[in-house]
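Each remark here refers to the structure printed beneath this line.
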Amino acid sequence: MSRVIQDFTTTVPFWQPRVTPIDLDDASKEQREALQVTPSNQKVSEYVLVLARDAETLKKRTPLFNAIMYNRGGMSRAERELSATGASVVNHCVYCAAVHASRYNQLTKDVTVMERVFADGATAKLDVRQSAILKFAMKLSRTPPEVTADDMQRLRDAGLESDEILDLIMSTSLFGWANRLMHTLGDPVDQSE
Amino acid sequence: MTVFSNTTVRCAAQLDANHPLAAALEDRSAIFAMTEQAQDAALRPRNSGGLSHSERAALASRMARLNGEDSLADHFASFLIDGNAAKIADPTFDGASNPRYAALIRHTDLVTRDTKSVTAADITELKDAGISEDDIVRLSELVAFVNYQARVCRGLRLLSDVS
Chain C
1 MSRVIQDFTT
11 TVPFWQPRVT
21 PIDLDDASKE
31 QREALQVTPS
41 NQKVSEYVLV
51 LARDAETLKK
61 RTPLFNAIMY
71 NRGGMSRAER
81 ELSATGASVV
91 NHCVYCAAVH
101 ASRYNQLTKD
111 VTVMERVFAD
121 GATAKLDVRQ
131 SAILKFAMKL
141 SRTPPEVTAD
151 DMQRLRDAGL
161 ESDEILDLIM
171 STSLFGWANR
181 LMHTLGDPVD
191 QSE
Chain S
1001 MTVFSNTTVR
1011 CAAQLDANHP
1021 LAAALEDRSA
1031 IFAMTEQAQD
1041 AALRPRNSGG
1051 LSHSERAALA
1061 SRMARLNGED
1071 SLADHFASFL
1081 IDGNAAKIAD
1091 PTFDGASNPR
1101 YAALIRHTDL
1111 VTRDTKSVTA
1121 ADITELKDAG
1131 ISEDDIVRLS
1141 ELVAFVNYQA
1151 RVCRGLRLLS
1161 DVS
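Residue numbers (our numbering), protein chains in the order written: chain C, 1 to 193; chain S, 1001 to 1163.
Right, here's the structure in full:
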């Protein structure tokens, strides 16, 4: 038996599905399209093979995800990873937090920010701009969301422009979506087994 | 369709082409167009499986309400919902004597309000209520999408108020 990981980590675990992934050999045309399976791309994760059970939504979700996380302009890639991690901490999606915290570390070459986020959450000691972004992301991730005009003002005071705040809203909200799939449809498990 | 007629952008009623945020929204119009397409895929798919369009609209309205997004909730409630499913939109309705509704509602509310507390047992509970694995993923995408959309709405309204 593999061990389910409970604590946040930057080592990306395995994801063990709670719903049976589809068999790629039996996939319908629509499912193959949604999976973006091509002769040169036959490698599909179990997570995506679970989501292929709703091919219509998966097909729309993948390009939307990429546009929100990787489009040019606005807030930096690293800061989008910070907001994604903030949401993942609130929703306790250990797998999502590992993927996006490790991307943040790769982009910034600085592991201290994520160490503090994992240890202290919204009260982590960060610079003014990082702290404003993290607090906003974590409050927007509650149900109902707890963001206020004061949180918005803190972002402005930290120097964020409107287009950057828009990217912060989109990337945080996107993880309100991703966390609710990944954390509920599977378990993060140890890779050592 | 302009970015200002998008369902998700319309949650912030004051946003129009004259608003200071207009240019930033226009730059991201593809994101909002894809959001609208994802909404159609989650709420009104061609293949709805075991979750009818009525049940999806009612669950979406319920989740928008739980997130404090009343205009979004009213929008989804305005979709054609058949008599039986309409009750689901009321956050105080727990499914009563309909075990399938009770299972769908319990899971929708839990994942919406308290994602972190969901365990493998909650997925088992859906299976035990006779919900197929395909429908578990369909329900999960619907719940996840509406929770995304409700947050975009909240953020846009706050940003457009202040700017």
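Using N, Cα and C, we set each Cβ at its ideal position, and we do this for glycine too. As the structure is a computational prediction, the values presented were derived from the model and not from experiment.
Residue 1130(S) and residue 1100(S) have their C-alpha atoms some 8 angstroms from each other.
Residue 1037(S) has a beta carbon lying within less than 9 angstroms of a beta carbon in chain C. Only those residues of the segment 1128 to 1147 of chain S whose C-beta falls short of 7 angstroms from the nearest C-beta of chain C are listed: 1133, 1134, 1136, 1137, 1138, 1140, 1141, 1143, 1144, 1145 and 1147. With three or more CB-CB distances shorter than 8 angstroms, the segment 1019 to 1034 of chain S counts as touching the segment 66 to 75 of chain C. Residue 143(C) is positioned such that its CB atom lies closer than 9 angstroms to that of residue 1113(S). Only residues of its own chain outside the window of five on either side were considered, and among them none has a CB closer than 8 angstroms to the CB of residue 120(C).
A contact is defined here as three or more CB-CB pairs under 8 angstroms, and the segment 164 to 175 of chain C meets this definition with respect to the segment 1140 to 1158 of chain S. Residue burial is scored here from C-beta neighbours: residue 69(C) has at least 16 other C-beta atoms within 10 angstroms and is therefore classed as buried. Under the 10 Å beta carbon count, residue 1071(S) is surrounded by fewer than 16 other beta carbons and is classified as exposed.
Bridge pairing for residue 16(C): 187(C) [DSSP]. Put simply, the CB of residue 1105(S) is far from chain C, with every gap to its CB atoms at 9 angstroms or more.
Cβ-Cβ distances below 7 angstroms link residue 1004(S) to 1015, 1016 and 1017 in the same chain, with the five nearest sequence neighbours on each side left out; the list follows chain order. Proximity of residue 1007(S) to chain C, defined by a Cβ-Cβ separation below 9 angstroms, is not satisfied. Secondary structure at residue 50(C): helix, using DSSP grouped into helix, strand and coil.
Within its own chain, the residues whose Cβ lies closer than 8 angstroms to the Cβ of residue 1117(S), once the five positions on either side in sequence are excluded, are 1110, listed in chain order. Here residue 44(C) carries a coil assignment [DSSP, helix/strand/coil]. Here residue 13(C) has 5, 94, 95, 98, 188, 189, 190 and 191 as same chain residues with Cβ atoms under 8 angstroms from its own Cβ, once five neighbours each way along the sequence are excluded.
Apart from the 5 residues on each side of it in sequence, residue 154(C) sits with its Cβ closer than 6 angstroms to the Cβ of 132 in its chain, given in chain order. Taking C-alpha positions only, residue 1105(S) is separated from residue 1088(S) by approximately 7 angstroms.
Among the residues facing chain S, residue 188(C) is not included, as its CB has no counterpart in that chain under 9 angstroms away. Close partners of residue 60(C) in chain S (Cβ separation under 7 angstroms): 1034, 1037, 1038 and 1041. Assignment of residue 4(C) by DSSP, reduced to helix, strand and coil, places it in the strand class. Assignment of residue 147(C) by DSSP, reduced to helix, strand and coil, places it in the coil class. Chain C places no beta carbon closer than 9 angstroms to that of residue 1002(S), leaving this residue out of the contacts. Below 8 angstroms, enough C-beta pairs join the segment 45 to 60 of chain C and the segment 1138 to 1145 of chain S to call them touching: three or more. DSSP, reduced to helix, strand and coil, places residue 108(C) within a helical segment of the structure shown.
A Cβ-Cβ distance of about 6 angstroms is found for the pair residue 125(C) and residue 116(C), placing them in contact under the 8 angstroms criterion. For residue 60(C), the enclosing alpha helix (DSSP H) covers residues 55 to 70. Under the criterion of beta carbons closer than 8 angstroms, residue 53(C) and residue 1009(S) do not qualify as touching, at roughly 30 angstroms.
DSSP places residue 1032(S) in the uninterrupted alpha helix (DSSP H) bounded by 1029 to 1043. Look at residue 1063(S) here: in three-state DSSP terms it is helix. Taking the C-beta atoms as reference points, residue 1132(S) is found no nearer than 9 angstroms to residue 1085(S). For residue 19(C), the residues of chain S that pass the 7 angstroms Cβ criterion are 1123, 1133, 1136 and 1137, in the order they occur in the chain.
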